[in-house]
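Everything on this sheet refers to the single structure shown next.
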Amino acid sequence: MKGKIALLAGGWILVVLFSWTWEFYHNKNLEEDAMLKSGRAFFQQIVLTREWNARHGGVYVFADETTPPNPHLKNVRRDIPLPDGQLLTLVNPAYMTRQLSELAEKYDGLQIHITSLKPIRPENAPKAWERTVLESFYHGTKEYGAFFDGGYRYMAPLYTEKSCLKCHESQGYKVGDIRGGVSVTIPHVIAPQLPLGGGHLLIALSGLGIILLVGWRLRRAYQTVKEQSMIDPLTGIANRRHFMKRLKEEYQRSLREQHPVALIMADIDSFKAYNDTYGHIEGDQCLLSVAHTMQESLKRPGDCIARYGGEEFIIMLPNTPLANAAHFAEELRRHIEALKIRHESSAGGDIVTASFGVAETEAGDADYEAVIRRADAALYAAKKAGRNRVNAVV
Numbered sequence: 001m002k003g004k005i006a007l008l009a010g011g012w013i014l015v016v017l018f019s020w021t022w023e024f025y026h027n028k029n030l031e032e033d034a035m036l037k038s039g040r041a042f043f044q045q046i047v048l049t050r051e052w053n054a055r056h057g058g059v060y061v062f063a064d065e066t067t068p069p070n071p072h073l074k075n076v077r078r079d080i081p082l083p084d085g086q087l088l089t090l091v092n093p094a095y096m097t098r099q100l101s102e103l104a105e106k107y108d109g110l111q112i113h114i115t116s117l118k119p120i121r122p123e124n125a126p127k128a129w130e131r132t133v134l135e136s137f138y139h140g141t142k143e144y145g146a147f148f149d150g151g152y153r154y155m156a157p158l159y160t161e162k163s164c165l166k167c168h169e170s171q172g173y174k175v176g177d178i179r180g181g182v183s184v185t186i187p188h189v190i191a192p193q194l195p196l197g198g199g200h201l202l203i204a205l206s207g208l209g210i211i212l213l214v215g216w217r218l219r220r221a222y223q224t225v226k227e228q229s230m231i232d233p234l235t236g237i238a239n240r241r242h243f244m245k246r247l248k249e250e251y252q253r254s255l256r257e258q259h260p261v262a263l264i265m266a267d268i269d270s271f272k273a274y275n276d277t278y279g280h281i282e283g284d285q286c287l288l289s290v291a292h293t294m295q296e297s298l299k300r301p302g303d304c305i306a307r308y309g310g311e312e313f314i315i316m317l318p319n320t321p322l323a324n325a326a327h328f329a330e331e332l333r334r335h336i337e338a339l340k341i342r343h344e345s346s347a348g349g350d351i352v353t354a355s356f357g358v359a360e361t362e363a364g365d366a367d368y369e370a371v372i373r374r375a376d377a378a379l380y381a382a383k384k385a386g387r388n389r390v391n392a393v394v
């Protein structure tokens with residue numbers, strides 16, 4: 001009996017030890033994956049913010065003790081004095097990144113550092129670990145992420161854009177060169193190794209719950225950033241960038257499976273006149289109504305609609321021949337007419353209408369954008385023929 005008890009006890013210890021070992025390494029992998037995704041999300045948010053700033057050539061803010069004029073910014077219009085004695089100073093992408101970093105560290109302990117092997121600002125010189133990572137970027141490394149005592153470090157390269165050359169061309173950079181990188185240090189307390197004992201299972205489950213909660217929040221933040229980069233903020237449908245990605249994927253699938261992909265390009269007729277007559281607020285509401293009407297008309301999960309630009313929309317219908325797509329476009333045209341949105345300045349009537357161009361992929365297409373060009377040409381022909389009609393490329 002004693003031997004059996006000892007054997008059972010030994011077996012139970014082995015089972016518990018195996019369970020603890022598996023949980024420990026499993027949780028570690030989950031944690032590393034969650035922190036890596038978090039670092040990517042923070043980095044992408046920084047890149048998007050910098051791109052917005054660069055597209056506007058920097059932004060002007062009131063200069064004060066927290067935002068003094070940037071001594072490293074060589075721009076004759078850096079400072080603009082106002083009649084009341086206040087001073088507006090130009091904040092470029094690098095300066096904005098530094099200010100965001102200070103706010104993040106103040107409220108969340110998050111550290112953001114823009115750095116380079118050839119910094120203009122001395123404070124942007126890399127730390128020892130950043131220098132090593134920066135050098136690795138020049139040898140093909142795409143990103144870096146690792147735990148250290150008390151936190152997690154993530155870093156990815158910054159590439160030279162055309163807008164960057166105003167400040168960095170004198171350093172010898174060209175468009176596409178790696179100019180430096182942004183490091184993100186996320187504060188994180190690593191739990192001590194769980195001891196073997198009667199209570200280790202409860203502790204392991206508690207730790208797993210905390211990690212899953214943190215991972216869920218980080219994934220949610222990452223998902224939010226990702227969705228924002230794919231959605232048109234006005235209409236709530238996909239934006240052009242996301243659509244082009246979907247079209248490329250569907251085009252490649254169509255080549256493998258030998259089925260056509262149909263495209264419908266739609267343009268609201270006389271929309272500039274509508275804006276001029278009713279104002280941009282009503283114009284935005286018109287775009288929203290038309291977009292939602294067309295989106296609700298989609299019948300299959302694989303169908304995709306996006307705002308292509310201004311008052312222009314584009315719809316992808318996988319595995320759909322041209323005739324069916326043209327029939328569907330006619331349905332959309334009638335649905336938009338049925339909205340009966342007043343448009344007294346329309347060239348073709350007194351309500352909002354739309355014109356449609358339809359095309360499908362062909363075996364001889366050089367790339368996935370060829371069908372867009374044909375659909376656009378068909379749309380142009382529909383406009384030229386009098387608007388409020390469907391034209392299909394045969």
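FYI, the numbering for the sequence shown is 1 to 394, going by UniProt numbering. Built from N, CA and C at the ideal position, the CB exists for glycine as well. Please read all numbers here as calculations on a predicted model, not as lab measurements.
Note down the Cα distance separating residue i from residue j, rounded to an integer number of angstroms.
i      : j      : result
Leu298 : Ala104 : 42 Å
Asp365 : Ala375 : 13 Å
Asn53  : Ile80  : 18 Å
Pro69  : Met96  : 12 Å
Thr160 : Gly176 : 5 Å
Ile186 : Lys28  : 16 Å
Met155 : Gly57  : 25 Å
Gly279 : Ala266 : 22 Å
Pro157 : Val182 : 7 Å
Tyr60  : Glu51  : 16 Å
Tyr382 : Thr49  : What sits at residue 382 in the sequence shown is Ala, not Tyr. Computed Cα separation, rounded: 39 Å.
Ala125 : Arg131 : 9 Å
Ile112 : Phe148 : 16 Å
Ala329 : Ile264 : 7 Å
Asp232 : Pro301 : 19 Å
Cys304 : Gly349 : 29 Å
Glu344 : Leu288 : 19 Å
Gln171 : Thr277 : 51 Å
Phe42  : Arg342 : 45 Å
Ser116 : Leu36  : 22 Å
Val390 : Gln45  : 41 Å
Ala378 : Glu250 : 21 Å
Gly85  : Glu65  : 15 Å
Leu87  : Asn75  : 15 Å
Gln285 : His327 : 27 Å
Lys118 : Tyr173 : 10 Å
Arg92  : Arg253 : The sequence as given places Asn at residue 92; Arg does not occur at that position. Between Asn92 and Arg253, the C-alpha separation is close to 43 Å.
Ser136 : Ile13  : 45 Å
Distance cutoff 8 Å, beta carbons only. Does residue i sit that close to anything in chain B?
i      : result
Ile315 : Among the protein chains of the structure shown there is no chain B, as only one such chain exists.
Am I right that residue i and residue j are in contact with their C-beta atoms under 8 Å? What's the rounded C-beta distance?
i      : j      : result
Lys245 : Tyr368 : Actually they do not touch by this definition, with Cβ atoms about 10 Å apart.
Tyr352 : Ile336 : Note on identity: in this sequence residue 352 is Val, with Tyr being the wrong assignment. Rounded, the Cβ-Cβ distance is 7 Å, consistent with contact.
Ile237 : Ala306 : 6 Å
Ala347 : Arg387 : 7 Å
Gly180 : Gly39  : Not confirmed; about 17 Å, so no contact.
Leu339 : Thr293 : 6 Å
Ile268 : Ala354 : 5 Å
Between residue i and the rest of its own chain, which residues show a CB-CB distance below 6 Å, the 5 nearest in sequence each way excluded?
i      : result
Asn275 : Gly283
Tyr308 : Arg240, Ile314
Arg334 : none
Val133 : Tyr144, Met155
Ser101 : Ile112
Ala273 : Ser345
Nearest by alpha-carbon distance to residue i: which of the options is it?
i           : options                        : result
residue 395 : Gln285, Phe243, Ala363         : Here the chain covers residues 1 to 394 and nothing more, so residue 395 does not appear.
Glu257      : Thr361, Arg121, Glu51, Arg78   : Thr361
Arg98       : Leu287, Arg121, Arg179         : Arg121
Thr89       : Thr293, Glu102, His72          : His72
Glu311      : Ala325, Gly279, Ala338, Ser270 : Ser270
Gly150      : His188, Phe62, Tyr173, Arg300  : His188
Leu82       : Phe62, Ala94, Leu100           : Phe62
Pro318      : Val371, Pro93, Thr141          : Val371
Arg153      : Lys142, Leu110, Tyr173         : Leu110
Val393      : Leu332, Ala338, Ala323         : Ala323
Gln295      : Leu332, Ala338, Phe42          : Leu332
Can you tell me where the alpha helix (DSSP H) holding residue i begins and where it ends?
i      : result
Gln285 : 280-297
Asp108 : 93-108
Ala370 : 370-384
Thr185 : Premise fails: Thr185 lies in the beta strand (DSSP E), 178-187, not in any alpha helix (DSSP H).
Ala325 : 322-339
So, for residue i: in the same chain, excluding its five sequence neighbours on each side, which residues have a beta-carbon less than 8 Å away from its beta-carbon?
i      : result
Tyr380 : Gly357
Lys162 : Val175
Pro321 : Pro260, Ala262, Glu360
Please work out which residues of its chain come closer than 7 Å, Cβ to Cβ, to residue i, disregarding the five sequence neighbours upstream and downstream, and give them in chain order.
i      : result
Tyr138 : Ile178
Gly197 : Its pLDDT being 42, under 50, Gly197 is placed unreliably in this model, and the coordinates cannot settle the point.
At which residues does the beta strand (DSSP E) containing residue i begin and terminate?
i      : result
Ile268 : 261-268
His113 : 111-115
Ser355 : 354-360
Asn391 : 390-392
Glu123 : Where Glu123 is concerned, there is no enclosing beta strand (DSSP E), given that its DSSP letter is neither H nor E.
Leu158 : 151-159
Glu312 : 312-318
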